[in-house]
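> Before anything else, here's the structure in question.
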Amino acid sequence: MRFETQQQGFSTFLVAWSDGIPVGAAQILWHGCKVPEVHDHFPECSELNGLASIIHVRAPT
Numbered sequence: 077m078r079f080e081t082q083q084q085g086f087s088t089f090l091v092a093w094s095d096g097i098p099v100g101a102a103q104i105l106w107h108g109c110k111v112p113e114v115h116d117h118f119p120e121c122s123e124l125n126g127l128a129s130i131i132h133v134r135a136p137t
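Position 52 (the sequence shown) corresponds to 128 in this note's numbering; numbering is contiguous.
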């Protein structure tokens, strides 16, 4: 689904790399959130969606 959405120009799928290994990913939804209640309040705001990272490469908090 994410690949098709990107191919249609509605999103961009990002991958974080470290030493040639993918360590995280996220998707930018260019037309905003799909949830109507959120989109109605922020109609021109893109959404960062599906943010994920591998725990052992995260910076300490």
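Cβ atoms here follow ideal geometry from the backbone N, Cα and C, with glycine treated the same way.
Would you mind listing the alpha helix (DSSP H) stretches within the segment 102 to 129 that are 4+ residues and don't spill past its ends, in chain order?
Taking only runs of at least 4 residues, the alpha helix (DSSP H) segments lying wholly in the segment 102 to 129 are 112 to 117.
> How would you label Gln84, buried or exposed, when you count the other beta carbons within 10 angstroms and need 16 or more for buried?
With fewer than 16 Cβ atoms within 10 Å of its Cβ, Gln84 is classed as exposed.
> From the DSSP secondary-structure annotation, give me the bridge partner or partners of Ile97.
Ile97 is bridged to Ser94.
> Looking only at its chain, what residues have a beta carbon closer than 6 Å to the beta carbon of Arg78, apart from the 5 residues adjacent to it on each side?
Same-chain partners within the cutoff: Phe89, Gln103.
> Which residue marks the beginning of the alpha helix (DSSP H) containing Gln83, and which one marks its end?
78 to 83 is the span of the alpha helix (DSSP H), which, as asked, contains Gln83.
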